[in-house]
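Residue numbers (our numbering): 6 to 299. Contents: one structure, followed by commentary.
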Amino acid sequence: MDIIKCKVLLTAVDAGSFSAAATILGYTPSGVTRIINALEKEIGFAILMRSHKGVKITKDGAQMLPLLRKLVHFHEQTEQLGAQIRGLDVGNLTIGTFYSIAACWLPEIIKAFQSDYPGIKVHTMEGANSDLLHWFEEHRIDCCFFSEYPVEGDWIPLKRDRLVVWLPQDHPKADLSVFPIEEINGAPFIETLPDCNTDIERFLREKKLRPDIRFTTIDNYTTYSMVAAGLGISLNKELMSVNWSGNVAIKPLDPPYYITLGIALPSLHNASPATKKFIAYAQKVIQNKYGEKM
Numbered sequence: 006m007d008i009i010k011c012k013v014l015l016t017a018v019d020a021g022s023f024s025a026a027a028t029i030l031g032y033t034p035s036g037v038t039r040i041i042n043a044l045e046k047e048i049g050f051a052i053l054m055r056s057h058k059g060v061k062i063t064k065d066g067a068q069m070l071p072l073l074r075k076l077v078h079f080h081e082q083t084e085q086l087g088a089q090i091r092g093l094d095v096g097n098l099t100i101g102t103f104y105s106i107a108a109c110w111l112p113e114i115i116k117a118f119q120s121d122y123p124g125i126k127v128h129t130m131e132g133a134n135s136d137l138l139h140w141f142e143e144h145r146i147d148c149c150f151f152s153e154y155p156v157e158g159d160w161i162p163l164k165r166d167r168l169v170v171w172l173p174q175d176h177p178k179a180d181l182s183v184f185p186i187e188e189i190n191g192a193p194f195i196e197t198l199p200d201c202n203t204d205i206e207r208f209l210r211e212k213k214l215r216p217d218i219r220f221t222t223i224d225n226y227t228t229y230s231m232v233a234a235g236l237g238i239s240l241n242k243e244l245m246s247v248n249w250s251g252n253v254a255i256k257p258l259d260p261p262y263y264i265t266l267g268i269a270l271p272s273l274h275n276a277s278p279a280t281k282k283f284i285a286y287a288q289k290v291i292q293n294k295y296g297e298k299m
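Right under this line is the structure:
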């Protein structure tokens, strides 16, 4: 099975249309169509359903998709290892990440990594926990910055981050040094990324807390701005709070609650050379940044 055809197919599936895949790959839409038609003929059944709105995977195609992703993944690993043996450092690396880590950690990590390995292209996919788990299970990402969570694979801890509450500066509890978690019950609340299995959702379930969810957003900064406007309180990781300033009081919880952030991947032993190098750089940057080693 031709690996190029498989890559074109996966790009079309992920992009949602032949024209979008053509733009990403530098092909013409008709070229993408011919390649996928040839692959479907080779396999013996339709993989994609076409419509004027784009493409969707067929039922038979959905069964093939995980194997095709693995095929492309292991082909990439083979190419990287061959390049390493020849004394070259080339390849592609796809990183899954939280929005907070993408903003606060990744620029510094990628800068250090690219200075030594400019031939390795780094792609990022940002999302919530539910997105990251889905991409991880589908082998769409090589590794994933993630909160500690039961996944099939290896887990490399990087840093413990505490949960903090965001309060309007005129909130009655804004002058306290810590915020009692029982005060969350019934409080007007702004939730970021609802129904995405976030760390905040898991914390509220674990502690059996029921805030009065007045508003929901899909962006942390929007939530922060709504808290500053006095529309409610919210919760977030401390990491997400360090780069912004505004009319928001940021308080640790009482009792404190910590979340371990790290990197998940299917197998460190079987990871590509580029993935192993990238993880080593991430560990070094985070250790230098915070002065802690886990």
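Cβ coordinates follow ideal geometry from the N, Cα and C atoms, glycine included.
According to DSSP, Arg210 shares a beta bridge with no other residue.
Taking all protein chains in view, the Cβ of Ser35 is surrounded by fewer than 16 other Cβ atoms within 10 Å, so the residue is classified as exposed.
Leu70 and Asn97 have their C-alpha atoms roughly 20 angstroms apart. The C-beta distance from Glu143 to Tyr104 rounds to 20 angstroms, too long to fall under 8 angstroms, and the pair is not in contact.
When only Cα atoms are considered, Cys149 and Ile264 end up about 16 angstroms apart. Annotation for His78: His144 place their beta carbon closer than 7 angstroms to its own, counting only its chain and skipping 5 residues before and after. Counting C-beta pairs with one atom in each stretch, the stretch 44–53 and the stretch 13–20 have three or more that are closer than 8 angstroms, which means they touch. The three-state secondary structure of Gly267, taken from DSSP, is strand.
Non-local C-beta neighbours of Ile268 in its own chain, meaning closer than 8 angstroms and more than five positions away in sequence, comprise Cys148, Cys149, Phe150, Phe151, Trp160, Ile161, Leu163, Ile284, Ala287, ordered along the chain.
Closest in alpha carbon position to Asp224, among Cys109, Leu168, Ile146, Thr197, is Thr197. Taking Glu188 as the centre and dropping the five residues before and after it, the same chain places the C-beta of Lys178 closer than 8 angstroms to its C-beta, in chain order. When DSSP states are grouped into helix, strand and coil, Arg165 belongs to the strand group. Counting C-beta atoms within 10 angstroms of its own C-beta, Phe118 has 16 or more neighbours from the protein chains shown and is therefore classed as buried. Assigned with DSSP and collapsed to three states, Lys242 falls in strand. Excluding five sequence positions before and after Lys75, the CB atoms of its chain that fall closer than 7 angstroms to its own CB belong to His144, given in chain order. At a Cβ-Cβ threshold of 8 angstroms, Ile8 and His80 count as neighbours.
Unbroken alpha helix (DSSP H) stretches of 4 residues or longer found wholly inside the stretch 178–229: 204–212, given in chain order. Note that the C-beta distance between Ile114 and Leu172 is not below 8 angstroms.
The C-beta distance from Ile255 to Val169 rounds to 5 angstroms, short enough to fall under 8 angstroms. Each of Pro155, Pro257, Thr28, Phe194 was checked against the Cα of Arg215, and the nearest Cα belongs to Phe194.
Under DSSP, Thr102 shares a beta bridge with Glu131.
Pro257 carries a strand assignment under DSSP once its states are collapsed to helix, strand and coil.
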